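Student:
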Amino acid sequence: MRFLRLVEYFERLEETTKRLEMFDILAELFKEASAKEIDKIIYLSQGQLLPPFHGLEIGMSEKLLIRAISDASNTPTKKVEDVFRRSGDLGETAGELIKTKGHNLPVEQVYKELLMVAETSGAGSVEKKVGLLSALLKGVSSKEAKYIARFVLGRLRLGIGDPTVLEALALSQGDRALRPALERAYNLCSDLGLVAKTLLKDTIEGVKRFHVKVGYPIRMALCERLPSSEEIIQKIGKAAVEAKYDGFRVQIHKDKEHIEMFSRNLERTTHMFPEIREATRDFIQAETAIIEGEALAYNEATGELFPFQITIQRKRKHGIEELAKEYPLRFFAFDLLYADGEDYTPRPFSERRERLKRLIKKNTVIEPSELFITDRPADIAKYFEEAVERGLEGVVAKRLDAPYAAGSRNFNWIKLKRSYRGELSDTIDVCIVGYFRGKGSRARFGVGALLGAVYDEKTDTFRTVSKVGSGFSEEEFTELKMMLDRIAIPHRHPRVDSVMEADVWVEPRYVVTVTADEITRSPTHTAGRDKEGVGYALRFPRAVGFLREDKKPEDANSVKEIIEMFEQQRKVKVS
Ligand code: ATP
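Each residue of the sequence shown is one higher than the last, beginning at 63 in my numbering.
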C-alpha cells in the first residue's frame with residue numbers, strides 16, 4: 063500500500079462522527095493491507111511505531127520538528143514558527159509549507175524511515191534525527207507531510223483503541239465471530255500488529271495457536287468490587303485473601319539473565335526497578351518465568367510501607383539509583399503465569415500460588431504477598447480493618463480454583479476497599495472526551511470543567527457520566543488546557559456518546575480519577591441510558607491527582623461498573 067493511500071484513510075477516519083462508519087473504514091483499510099504491511103499500518107494508525115511495551119519513543123520535540131520542516135521546505139525557521147503560531151498545528155504547518163508532489167512512497171518505506179528516526183540515539187543523535195526526518199519529508203506530498211508531522215509529535219488524534227482494531231480486524235474478514243479468538247491472542251501477547259499479521263499469514267487457525275511467551279507482556283487480570291466480606295464469600299466461597307498494596311503493579315519477565323518489567327498499562331518499566339531486577343536474577347529459581355506483583359517503597363527501619371506518593375517518585379528517568387538507596391522497594395509477588403516452559407495461566411490460583419512460593423528463594427526484596435484462606439466473612443472483616451490501619455488500601459479476595467483471566471475484570475479477584483462515610487467507597491476513573499471553557503474566574507484558565515466518560519465495552523464507546531470542575535490547582539488547569547488543546551478535534555469523536563455539547567472536543571486519550579458523593583440517575587449523561595433517556599451521573603465529583611498516565615482510555619471504569627456501584631450504594635444505604 064502507498065502511504066498516500068493510508069493518509070486518505072486517515073482523512074476519512076478524521077471526518078466521521080459515526081461509530082459504525084469508523085469500524086467500516088478501518089475494516090476496509092485492513093482488507094486492503096498485505097500480511098507484510100498490516101502490522102505497520104496498525105501501529106501507525108494508533109500513533110506508534112511498535113507496541114508500547116518496546117519502550118520506543120520517537121524523541122522529537124516541536125522545536126526539532128520545526129527545524130526538519132524548515133530544512134525540507136527550504137523555509138527559514140522563523141517563517142515556519144509564524145505559520146505554526148497561526149494554525150497551532152504543526153501538521154497543518156508542514157502541509158502548508160511542503161508543496162512537493164512526493165515520490166508516492168510505500169507505507170513500509172515511510173515506516174522504516176520513521177523507525178530509523180526513533181532508533182537514532184546517543185551522541186549527535188539530535189542532528190541525525192532532524193536530518194533523517196527532513197529527508198523523509200522531502201520525499202512526500204503536502205498531505206503526507208501533514209500526517210507525518212502529527213505522528214512524530216504523537217498527535218494523530220484518530221483515537222483508535224485496541225478493541226476498535228480487534229473489532230475492525232474481525233469485520234475485515236467478514237466474520238465478527240472471529241473476535242474472541244483475536245482477543246485471546248491479543249491478551250496473551252499485547253501486540254495487535256503481531257495478531258493481525260498472523261491472521262493474514264496463517265489464518266484464524268494460526269491465531270488460535272498463540273501461547274504465552276516470555277518477553278511479551280500478558281494483559282493483566284483486574285478485580286471486580288463488592289461492598290462487604292459477606293458478599294465476597296457468598297460469591298466465591300472459600301477464598302484466598304490478600305493485602306491490597308498501593309504501589310506499582312509489575313509483571314516481571316525473566317529469560318535467564320535478561321529481565322524485563324511491564325506496568326499495568328503494559329509499558330516497559332524495567333529501568334525504574336534496578337533492585338527488583340537484581341533480586342529476580344538472583345532469587346527466582348527458574349530459568350524463565352513470568353511473575354506478577356506490586357512494588358512499593360518500604361521503610362526498613364520501622365517495617366512499614368510507605369504511601370504511594372513516595373513510591374511514585376520512581377517514575378523518572380534519572381537518579382533512580384540514588385532513590386533506590388533512599389527508598390528501597392519491596393516486591394510483593396502475588397501470581398505466577400509462566401515458569402520453565404510451563405504456561406500457568408490456565409491452572410487454578412491455588413496451584414499457581416503454591417509454585418510461586420517455591421520459586422522464591424528467601425531474600426530481602428521479593429516476597430510472596432500476605433495471604434490466608436478462609437470461608438468466614440468475619441475473618442476477612444477483621445483482616446481488612448487491620449490492613450487499613452497499617453496503611454494498606456484494603457484487601458483482594460481470590461477464587462481458589464480460577465485460572466488467570468488475562469485482559470479481563472471479573473469476580474475471580476474481588477477488591478474490598480476502605481469506604482468513606484457519605485462518599486462512594488471507590489474512586490472512579492473517567493476518560494476526558496471534551497472540556498468547557500468555564501465562566502467567571504475560571505475562564506482565566508480557559509478550562510472550567512472537563513467532560514468525563516466511562517467506557518462501554520459492548521459498543522467500544524465512551525459515554526459521559528460527569529462534568530468535573532474541581533480538584534485541580536490553577537497550575538493544573540493551565541497545563542490541562544495545553545494538553546487538551548493538543549488533542550482537540552473539530553467535532554465529537556465517533557467513539558463518544560454524549561448529549562452535552564462540549565465547548566472543545568478532544569480525542570479520548572487521558573484518564574483522570576475522581577471521587578464523588580454518590581452516583582445518581584440523570585438525563586444529562588449517556589452512561590447506562592435507559593429507554594426513557596435517563597443515564598447515570600456522579601454527584602459532586604472532584605478530581606484526585608492529575609492525569610492517570612498509567613491508564614489507557616479503555617481502562618476508565620466501565621458503564622457496567624457504574625451501574626453495579628449504583629446498585630451497591632443503594633444496598634448499603636438500606637442496611
Ligand atoms: P485502583 O484504581 O483501585 O488501583 P485499578 O482499576 O487500577 O484500581 P483494580 O482492579 O481496582 O485496579 O485493583 C487491582 C490492582 O490492585 C492491581 O492492578 C494491583 O496493582 C493492585 N494490587 C495490590 N495488591 C494486590 C494483590 N494482592 N493482588 C492483586 N492485585 C493487587
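Just so it is clear, CB atoms sit at the ideal spot from N, CA and C, and this is done for glycine as well.
Just so we're clear, the structure is a prediction, and the values are computed from it rather than from any experiment.
Does the Cβ of P585 have 16 or more other Cβ atoms within 10 Å, making it buried, or fewer, making it exposed?
Tutor: It counts as exposed.
Student: Please report the residue range of the beta strand (DSSP E) in which P430 lies.
Tutor: Note, P430: beta strand (DSSP E), 428-430.
Student: Determine the contact status of A134 and L68, defining contact as a CB-CB distance below 8 Å.
Tutor: No, they are not a contact pair.
Student: Could you check if D264 is buried or exposed, using at least 16 other CB atoms within 10 Å of its CB as the buried criterion?
Tutor: Burial call: exposed.
Student: Check whether the Cβ atoms of D437 and L418 lie closer than 8 Å to each other.
Tutor: Cβ atoms of D437 and L418: not closer than 8 Å.
Student: Taking C-alpha atoms, which residue in H315, E319, T373, L478 lies nearest to D405?
Tutor: Ranking H315, E319, T373, L478 by Cα distance to D405 puts H315 first.
Student: Whose CA, out of D463, T373, Y360, lies closest to the CA of P410?
Tutor: Nearest C-alpha to P410: D463.
Student: Would you please state the rounded distance, in angstroms, between the beta carbons of A599 and Y517? I believe it to be under 8 Å.
Tutor: About 16 Å; that fails the 8 Å criterion.
Student: Does the distance between the C-beta of Y307 and the nearest non-hydrogen atom of the ligand ATP fall short of 7 Å?
Tutor: Yes.
Student: Just to confirm my understanding: we take G595, look at its own chain, exclude 5 residues before and 5 after, and list those with CB closer than 6 Å. What are they?
Tutor: Taken in chain order, the residues that qualify are P585.
Student: Answer yes or no: do V509 and R525 have a C-beta to C-beta separation smaller than 8 Å?
Tutor: Going by C-beta atoms, V509 is not nearer than 8 Å to R525.
Student: Could you check where the beta strand (DSSP E) with I599 kicks off and where it finishes?
Tutor: The sequence shown places Ala at residue 599, not Ile. Element bounds for A599: 597-601.
Student: Rounded to whole angstroms, what is the Cα-Cα separation between G403 and A467?
Tutor: Computed Cα separation, rounded: 19 Å.
Student: What does a CB cutoff of less than 6 Å around V38 pick up in its chain, not counting 5 residues either side in sequence?
Tutor: Outside the displayed span of the chain (63 to 637) sits residue 38, for which this structure offers no information.
Student: Can you tell me whether DSSP reads M84 as helix, strand or coil?
Tutor: Correct three-state label for M84: helix.
Student: For V621 versus W567, is the C-beta spacing smaller than 8 Å?
Tutor: Contact: no.
Student: With DSSP run on the structure shown, which of helix, strand or coil describes T139?
Tutor: Looking at T139 - three-state DSSP - the assignment turns out to be helix.
Student: I'd like the ranges of any beta strand (DSSP E) spanning at least 3 consecutive residues and lying wholly in the segment 267-306.
Tutor: Taking only runs of at least 3 residues, the beta strand (DSSP E) segments lying wholly in the segment 267-306 are 284-287, 301-306.
Student: According to DSSP, which residues form a beta bridge with E451?
Tutor: Answer is none; E451 lacks a bridge partner.
Student: Can you tell me whether S123 is buried or exposed, with buried defined as 16 or more other CB within 10 angstroms of its CB?
Tutor: Result: exposed.
Student: Would you give the residue range spanned by the beta strand (DSSP E) that V7 belongs to?
Tutor: For the chain, the structure presents residues 63 to 637; residue 7 sits outside this window and is missing.
Student: Could you check whether the Cβ of L284 sits closer than 7 Å to any heavy atom belonging to the ligand ATP?
Tutor: L284 Cβ: within cutoff of the ligand ATP.
Student: Just reading off the alpha helix (DSSP H) that Y105 is part of, what are its end residues?
Tutor: 100-107 is the span of the alpha helix (DSSP H), which, as asked, contains Y105.
Student: If I'm right that E455 touches K613 with Cβ under 8 Å, what's the distance once you round it to whole angstroms?
Tutor: Wrong, their Cβ atoms sit about 17 Å apart, outside the cutoff.
Student: Could you give the distance in angstroms between the alpha-carbon of R415 and the alpha-carbon of D253?
Tutor: Going by the C-alpha atoms only, they are around 27 Å apart.
Student: Measure the Cβ-Cβ separation of A686 and L152 and say whether it is below 8 Å.
Tutor: What the structure shows of the chain is the stretch from 63 to 637, and residue 686 is not part of that stretch, so it cannot be assessed.
Student: By Cβ distance below 7 Å, which residues in the same chain neighbour E538 in space, the five residues on each side in sequence not counted?
Tutor: Excluding positions up to five away in sequence, the list reads F608.
Student: In the DSSP assignment, find the alpha helix (DSSP H) that holds A459 and state where it starts and stops.
Tutor: Careful: A459 lies outside any alpha helix (DSSP H), inside the beta strand (DSSP E) at 456-461.
Student: Can you tell me the Cα-Cα spacing of I624 and R591, whole angstroms?
Tutor: The alpha-carbon atoms of I624 and R591 are separated by roughly 12 Å.
Student: Which same chain residues end up closer than 6 Å to S412 when comparing Cβ atoms and leaving out the 5 residues on each side of it in sequence?
Tutor: Hits under 6 Å: L462.
Student: When the Cβ atoms of the segment 359-368 are set against those of the segment 268-286, are three or more pairs found closer than 8 Å?
Tutor: No, the segment 359-368 is not in contact with the segment 268-286.
Student: Just checking F446 against the ligand ATP - is the residue's beta carbon closer than 7 Å to any of the ligand's heavy atoms?
Tutor: The answer is no for F446.
Student: Helix, strand or coil, according to DSSP, for Y209 in the structure here?
Tutor: Residue state, collapsed to three classes: helix.
Student: Run the proximity test for W567: is its beta-carbon closer than 7 Å to any non-hydrogen atom belonging to the ligand ATP?
Tutor: Flag unset: Cβ of W567 not near the ligand ATP.
Student: Suppose you measure from the CA of V606 to the CA of K318; what does that come to, to the nearest Å?
Tutor: Answer to the nearest angstrom: the Cα atoms are 41 Å apart.
Student: DSSP state of P336, grouped into three classes?
Tutor: Helix at P336.
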